[in-house]
Amino acid sequence: MDELKVTEHIASSDKALFSFELLPPLKGQDFSAIQKTIDPLIEFDPAFINITYHQQEVVYDTLDNGLMKKRTVRKRPGTVGISAAIKYRYSIPVVPHIICGGFTREETENALIDLNFLGIKNLLVVRGDPPMGMKTFVPEPDGNTHAVDLVNQIAQLNQGRYLEKDIKNYRSTDFCIGVAGYPEKHSESPNLESDLHFLKKKVAAGADYIVTQMFFNNQKYFDFVKNCRAKGIDVPIIPGLKPITTQNQMASLPQAFHVDLPEVLVKEMLKCNNNNEIRQVGIEWAIFQSKELLKFGVPGIHFYTMGKSDNIREIAKNIL
Ligand SMILES: Cc1cc2nc3c(=O)[nH]c(=O)nc-3n(C[C@H](O)[C@H](O)[C@H](O)COP(=O)(O)OP(=O)(O)OC[C@H]3O[C@@H](n4cnc5c(N)ncnc54)[C@H](O)[C@@H]3O)c2cc1C
Numbered sequence: 236m237d238e239l240k241v242t243e244h245i246a247s248s249d250k251a252l253f254s255f256e257l258l259p260p261l262k263g264q265d266f267s268a269i270q271k272t273i274d275p276l277i278e279f280d281p282a283f284i285n286i287t288y289h290q291q292e293v294v295y296d297t298l299d300n301g302l303m304k305k306r307t308v309r310k311r312p313g314t315v316g317i318s319a320a321i322k323y324r325y326s327i328p329v330v331p332h333i334i335c336g337g338f339t340r341e342e343t344e345n346a347l348i349d350l351n352f353l354g355i356k357n358l359l360v361v362r363g364d365p366p367m368g369m370k371t372f373v374p375e376p377d378g379n380t381h382a383v384d385l386v387n388q389i390a391q392l393n394q395g396r397y398l399e400k401d402i403k404n405y406r407s408t409d410f411c412i413g414v415a416g417y418p419e420k421h422s423e424s425p426n427l428e429s430d431l432h433f434l435k436k437k438v439a440a441g442a443d444y445i446v447t448q449m450f451f452n453n454q455k456y457f458d459f460v461k462n463c464r465a466k467g468i469d470v471p472i473i474p475g476l477k478p479i480t481t482q483n484q485m486a487s488l489p490q491a492f493h494v495d496l497p498e499v500l501v502k503e504m505l506k507c508n509n510n511n512e513i514r515q516v517g518i519e520w521a522i523f524q525s526k527e528l529l530k531f532g533v534p535g536i537h538f539y540t541m542g543k544s545d546n547i548r549e550i551a552k553n554i555l
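In structure tokens form, the structure reads like this:
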């Protein structure tokens with residue numbers, strides 16, 4: 236039987252969906268690294284599991300003669316393989332992320348063909364961040380520049396239009412496309428209005444639903460949904476939550492994800508003496524956020540695990 240699309244699942248469910256995101260483990264690990272994250276969450280009946288994609292990084296090796304040699308390396312390969320392994324071992328729909336960065340349009344099409352063969356129906360389509368150490372995003376020659384271009388490419392494939400024009404007896408794909416939304420705006424966007432303008436273009440190009448960047452103040456999500464609806468963006472908007480786990484994240488999350496931490500949360504974090512206490516504050520804050528979001532009537536709640544799920548388990552126990 237075909238797996239459910241995220242949007243079909245939302246439409247057919249009378250309660251908010253629970254889902255989470257995994258990072259492929261660093262090169263050298265095997266599937267057991269993934270199982271450690273998934274297994275504690277299985278009893279909460281995840282509706283789908285996302286698997287991120289990571290752009291290659293540029294590294295410099297020092298040669299014997301003292302000169303530096305540039306090389307690119309993908310430190311977390313495996314999104315397609317992990318997606319297939321999860322889908323078939325756990326019988327849970329997977330949502331591999333597809334990124335523009337580091338791929339030509341042809342390489343992207345080949346990955347989509349693989350995913351289609353595997354019976355994977357759902358994708359989350361993002362541009363990708365600039366690689367480590369680089370400030371601006373540079374697409375591959377003949378690659379996609381913005382997420383909207385990638386959505387367009389997938390929408391074309393959904394209509395049976397492959398890059399090679401003269402393919403005979405082709406079959407259309409049938410991917411359900413998710414895209415990213417930013418309640419506190421994307422870092423490169425001059426303002427929220429401009430960001431919404433481009434979000435609307437992603438939906439017009441074929442995006443079926445939106446997953447938000449993490450946020451710690453629910454009001455930002457409520458306002459974002461209101462602004463999207465006022466602009467005519469009418470697809471489901473799934474909130475993404477990240478429970479805080481370390482003291483360092485007080486600085487690193489705002490820096491990396493361009494989000495604000497509410498003063499009351501910061502005050503609670505400052506009272507903590509160690510990361511165990513911080514982790515507990517993070518769990519309680521996420522439970523508080525989740526309960527309010529559920530009351531608001533969100534289509535689902537999506538958790539960013541960053542590879543660790545013991546805290547997500549505590550939250551799920553309290554909200555599901
Ligand atoms: C739910 C979620 C999942 C993610 N998963 C991953 C992942 O797996 N791997 C990864 O590397 N990163 C991931 N990211 C991070 C994401 O790649 C970065 O935030 C990236 O900088 C932007 O991606 P985007 O798809 O939002 O880009 P875009 O939609 O292309 O937007 C990027 C910026 O350009 C602007 N813009 C958009 N379209 C246009 C246009 N046509 N012309 C001019 N400006 C435009 C936007 O307003 C925005 O400021 C994820 C983010 C989220 C929220």
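If you use the working numbering, the sequence shown closes out at 555, no skipped numbers anywhere.
Even for Gly, the Cβ is constructed at its ideal location relative to N, Cα and C.
Only a predicted model underlies this, so the values are computations on that prediction, with no experimental measurement involved.
Could you give the C-beta distance for residue i and residue j, rounded to a whole number, given that I count them as a contact under 8 Å?
i	j	result
A320	F266	6 Å
F279	L476	The Cβ separation is near 14 Å, so there is no contact.
L252	R311	That pair is no contact at about 26 Å.
R514	L276	That belief does not hold up - the Cβ atoms of R514 and L276 are roughly 17 Å apart, past 8 Å.
C411	K240	4 Å
V494	F450	6 Å
Among all the DSSP beta bridges, which residues are the ones paired with residue i?
i	result
D296	K304
C335	In DSSP, C335 forms no bridge with anything.
F283	S254
Y405	Per DSSP, none; premise fails for Y405.
C411	N357
H421	Looking at the DSSP assignment, H421 forms no beta bridge with any residue, so it has no partner.
T447	G416
H537	S254, G475
Can you check whether the CB of residue j is closer than 8 Å to the CB of residue i?
i	j	result
V386	A440	yes
V383	F433	yes
P328	L358	no
A442	G413	yes
E419	M367	no
I284	S254	yes
V438	A415	no
Q448	F492	yes
I334	R362	yes
T287	S544	no
P497	N452	yes
K436	K466	no
P478	G517	yes
C463	Q482	no
T339	G301	no
G354	E238	yes
CB-CB under 7 Å to residue i, same chain, minus the five flanking residues each way: which ones, in chain order?
i	result
K526	I554
D409	K356, N393
A268	P260
Y405	G395, Y397
T540	F255, E256, L257, T272, I547
Can you look up residue i in the DSSP assignment and give me helix, strand or coil?
i	result
Q290	coil
G475	strand
F372	coil
S248	coil
L353	coil
I327	coil
A382	helix
F255	strand
C463	helix
I277	helix
Q394	coil
R514	helix
E519	helix
Q270	helix
T480	coil
V470	coil
Q388	helix
S544	coil
A442	coil
N453	helix
K262	coil
G313	coil
D458	helix
E243	helix
L427	helix
Could you pull out every residue in the same chain whose Cβ sits closer than 6 Å to the Cβ of residue i, ignoring the five residues on either side in sequence?
i	result
I245	P471, P534
G337	Q290, Q291
H537	S254, V446, I473, G475
K455	P418, E419
So, at 8 Å on beta carbons, what are the nonlocal neighbours of residue i in its own chain, with the 5 sequence-adjacent residues on each side left out?
i	result
M303	Y295, D296, T297
N349	A small correction: the amino acid at residue 349 is Asp; Asn does not occupy that position in the sequence shown. So the qualifying residues of the chain are V315.
S407	L392, N393, Q394, G395
I468	L431, L434, K435, V438, I445
D458	P418
E344	Q388, L392, Y397, L398
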